[in-house]
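Novice: Numbering (the working numbering), first residue to last: 20 to 333.
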Ligand SMILES: NC(=O)c1ccc[n+]([C@@H]2O[C@H](COP(=O)([O-])OP(=O)(O)OC[C@H]3O[C@@H](n4cnc5c(N)ncnc54)[C@H](OP(=O)(O)O)[C@@H]3O)[C@@H](O)[C@H]2O)c1
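#1: Reducing DSSP to helix, strand and coil, say where residue 208 ends up.
#2: Residue range of the alpha helix (DSSP H) that residue 119 falls in?
#3: May I have the straight-line CA-CA distance separating residue 51 from residue 57, to the nearest angstrom?
#4: Going by CA-CA distance only, name the one from 148, 159, 158, 184 that's closest to residue 173.
#5: Taking 8 Å as the cut-off, does the CB of residue 288 come closer than this to any heavy atom belonging to ligand 1?
#6: Can you tell me the Cβ-Cβ gap for residue 294 and residue 104, rounded? I've got them flagged as a contact below 8 Å.
#7: Determine contact between the segment 219-226 and the segment 236-253, defined as no fewer than three beta-carbon pairs at a distance below 8 Å.
#8: Using a 10 Å radius around the Cβ and a threshold of 16 neighbouring Cβ atoms, would you call residue 261 buried or exposed?
#9: Is residue 176 helix, strand or coil by DSSP?
#10: Among residues of its own chain, excluding the 5 on either side of residue 256, which ones have a beta-carbon nearer than 7 Å to its beta-carbon?
#11: In angstroms with no decimal places, state the Cα-to-Cα distance between residue 176 and residue 247.
#12: Expressed to the nearest angstrom, what Euclidean distance is found between the alpha-carbon atoms of residue 119 and residue 268?
#13: Please list, in chain order, all residues of the same chain as residue 113 whose beta carbon is under 8 Å from its beta carbon, the five residues on each side excluded.
#14: Rank 185, 300, 259 by C-alpha distance to the C-alpha of residue 99 and give the top, closest one.
#15: Using CA atoms only, rank isn't needed, just tell me which of 266, 198, 265 is closest to residue 235.
#16: Under a three-way DSSP split, which group does residue 260 fall into?
#17: Ordered along the chain, which non-local residues of its own chain (more than five positions away) have a Cβ less than 6 Å from that of residue 278?
#18: Here's the rule: buried if 16 or more other CB atoms are within 10 angstroms of the residue's CB, otherwise exposed. What is residue 240?
#19: Please return the same chain residues whose Cβ sits closer than 6 Å to the Cβ of residue 41, not counting the five positions on each side in sequence.
#20: Alpha carbon to alpha carbon, how far is residue 162 from residue 216? Give it in angstroms, no decimals.
#21: Entirely within the segment 155-204 and at least 4 residues each: give me those alpha helix (DSSP H) ranges in chain order.
#22: With a floor of 4 residues, list each alpha helix (DSSP H) that falls wholly inside the segment 220-283, ordered by position along the chain.
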């Protein structure tokens, strides 16, 4: 089935923003030798603080045990990510042992201060919600968490006031709400219109473009930063393209791999602040961080990307 086209209003916004260069700040260098180029950064609207536009998601693959064998590849990723200038690491209490693994490894690497740690709360009663929040500080081994998001709207009315209070007290820096389910969009939109939050987190990819019709423009209007989850459809987008070569025109936006093709599609939407692909291997890290550099697709290329993807056999 064909995906819905991005709305005309959004295309116009993208054209304007991409034409003007979408690049709102540049950070540390990544790459080797003459190919070094700066990581693109974008501001969090509520404060103006800039973050690099590619982060890391930790669902599933960071839920490992305590053996150094299991943890070594993740340690290498978290070390190199921070060394490259990467910041945003997204996790959650519901991702098995991921919070513990991130807390332990960043402590061993002594690089917690270089990172922007985002986690979530997913409880629909106050007592267990507060307990889960308390545990996140312990598991992440930090005094301050950069962002806590109400996970999938669970317990929103109870947990949002708690998070806002924690922000006032200085225990967390930003407050957000996440979803990755299209059926939650109507409630998510109601929440966005009503609540005064810093971040939303939402699913958006070439295979799932509905959030670009309503949620992403609303985030822009409301001055909310946007983290994009499942940009690879949990890896399924790679299966859709199979062993095809990239189209020649992809090089016009400095795209060198399918991973960068999928990420730069998401990142060339003007409402998007940062994308958080699940990244648990060094080869993925190097590839995905390449999407935080160089040119971004303009309106014409975004349309070509959509057509190319929609024409693939499903
Ligand atoms: N409601 C929510 O709040 C919510 C929901 C979902 C996700 N999230 C967050 O969003 C993050 C991203 O979502 P996701 O991890 O579920 O899915 P994803 O980012 O769409 O896909 C991740 C998978 O893609 C593959 N991959 C990653 N980089 C690659 C590359 N350069 N080349 C080839 N394959 C690559 C890996 O598959 P293999 O490991 O199989 O090789 C990886 O596990 C999560 O980790 C989580 O932090 C939040």
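We treat Cβ as the ideally placed atom computed from N, Cα and C, and that holds for glycine.
Specialist: On the basis of the coordinates in this document:
#1: Position 189 of the chain shown, counted from the first residue, corresponds to residue 208. Looking at residue 208 - three-state DSSP - the assignment turns out to be helix.
#2: Taking the first residue of the chain shown as position 1, residue 119 is located at position 100. It spans 117-128 - the alpha helix (DSSP H) in which residue 119 sits, taken as one unbroken run.
#3: For this step, residue 51 is matched to residue 32 along the chain shown. For this step, residue 57 is matched to residue 38 along the chain shown. Because residue 51 carries a pLDDT of 43, less than 50, the predicted location of this residue cannot be relied on, and the following value inherits that uncertainty. Cα to Cα, residue 51 sits roughly 11 Å from residue 57.
#4: Along the chain shown, one-based indexing puts residue 173 at 154. Comparing Cα positions, the closest option is 148.
#5: Walking along the chain shown from the start, residue 288 turns up at place 269. The answer is no for residue 288.
#6: In the chain shown, the residue the question calls residue 294 occupies position 275. In the chain shown, the residue the question calls residue 104 occupies position 85. About 16 Å separates the two Cβ atoms, so there is no contact after all.
#7: yes
#8: Stepping through the chain shown from its first residue, residue 261 is reached at position 242. The residue in question, residue 261, is exposed, as its Cβ has fewer than 16 Cβ neighbours within 10 Å.
#9: Taking the chain shown and counting its residues from 1, the one referred to as residue 176 is at position 157. Here residue 176 sits in helix by DSSP.
#10: Counted from its first residue, the chain shown places residue 256 at position 237. Cβ within range, chain order: 224, 225, 226, 281.
#11: Indexing the chain shown from 1 puts residue 176 at position 157. Indexing the chain shown from 1 puts residue 247 at position 228. The straight-line gap from Cα to Cα measures roughly 23 Å.
#12: Residue mapping note: residue 119 aligns to position 100 of the chain shown, counting from 1. Residue mapping note: residue 268 aligns to position 249 of the chain shown, counting from 1. Cα-Cα distance, rounded: 43 Å.
#13: The sequence position of residue 113 within the chain shown is 94, counting from 1. Correct list, in chain order: 139, 141, 170.
#14: Stepping through the chain shown from its first residue, residue 99 is reached at position 80. Taking only the C-alpha atoms, the option nearest residue 99 is 300.
#15: Position 216 of the chain shown holds residue 235. That would be 198, whose Cα lies nearest to the Cα of residue 235.
#16: Residue 260 sits at position 241 when you count from the first residue of the chain shown. Three-state result, residue 260: helix.
#17: Position 259 of the chain shown, counting from 1, holds the residue named residue 278. Closer than 6 Å at Cβ, skipping near neighbours: 306, 307.
#18: For the purposes of this step, residue 240 is taken as the residue at position 221 of the chain shown. The residue in question, residue 240, is exposed, as its Cβ has fewer than 16 Cβ neighbours within 10 Å.
#19: Working through the chain shown from its first residue, we reach residue 41 at position 22. Low confidence applies to residue 41: its pLDDT is 44, below 50, so where it sits in the model is not reliable, and the reading given next is rough at best. Excluding sequence neighbours, residue 41 sits near 315.
#20: Indexing the chain shown from 1 puts residue 216 at position 197. Indexing the chain shown from 1 puts residue 162 at position 143. So the alpha carbons of these two residues sit roughly 21 Å apart.
#21: 175-187
#22: 234-241, 255-260
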